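Undergrad: Count along the sequence shown starting at 1, add 50, and that's the number in my numbering.
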Amino acid sequence: MDDDQPLARWTAARSMDRVAVPGELQVTKTHVVFEPKGRRAPGARFSVAFKFVVGVGTAPGTGKFFSGGKRERLCLTLGDGSEWLFVVPDLDAAMAGIRSALSPRR
51 MDDDQPLARW TAARSMDRVA VPGELQVTKT HVVFEPKGRR APGARFSVAF KFVVGVGTAP
111 GTGKFFSGGK RERLCLTLGD GSEWLFVVPD LDAAMAGIRS ALSPRR
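#1: Check for me: the beta strand (DSSP E) holding L57 runs from which residue to which?
#2: Assuming P154 and T61 make a contact with CB atoms under 8 angstroms, what is their CB distance in whole Å?
#3: Measuring only the C-alpha atoms, how far is P86 from V71?
#4: Within 10 Å of its beta-carbon, does A99 have 16 or more other beta-carbons around it, so buried, or fewer, so exposed?
#5: From what residue to what residue does the beta strand (DSSP E) around A123 run?
#6: Per DSSP, M66 is paired with what?
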């Protein structure tokens with residue numbers, strides 16, 4: 051299997067400024083990847099190697115309608131302290147899947 055092939059996928063939206071860009075959150079053998087649905091979201095693609103992810107948790111919603119409302123978000127914290135937020139309908143499954151993929155490497 052190629053390292054870039056998704057092992058798990060979830061419908062998601064990446065929280066960016068005041069909007070949530072729709073797409074798909076994926077876990078590969080080596081990365082967490084967000085693939086935006088459309089091409090109208092320059093800069094929305096996200097890919098990070100597991101070795102840079104130091105935390106997987108949740109962040110509260112902003113309450114702003116176009117950025118996902120009040121729903122809790124999946125929060126990936128990287129080693130540099132940055133946080134990347136995703137609105138995921140099946141939040142618990144996504145967190146468990148990402149944590150599971152990270153755990154053999156810790």
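All C-beta atoms, glycine included, are put in the ideal place defined by N, C-alpha and C. All of these numbers come straight from a predicted model, not from anything done at the bench.
TA: In this structure, then:
#1: Taken as a continuous stretch (DSSP letters only), L57 belongs to no beta strand (DSSP E), as it is neither H nor E.
#2: So it is not a contact: roughly 25 angstroms between Cβ atoms.
#3: Their backbone Cα atoms lie some 7 angstroms apart in a straight line.
#4: With fewer than 16 other Cβ atoms within 10 Å, it is exposed.
#5: Strictly speaking, residue 123 in this sequence is Arg, with Ala absent from that position. Note, R123: beta strand (DSSP E), R123 to L128.
#6: DSSP output for M66 lists V69 as bridge partner(s).
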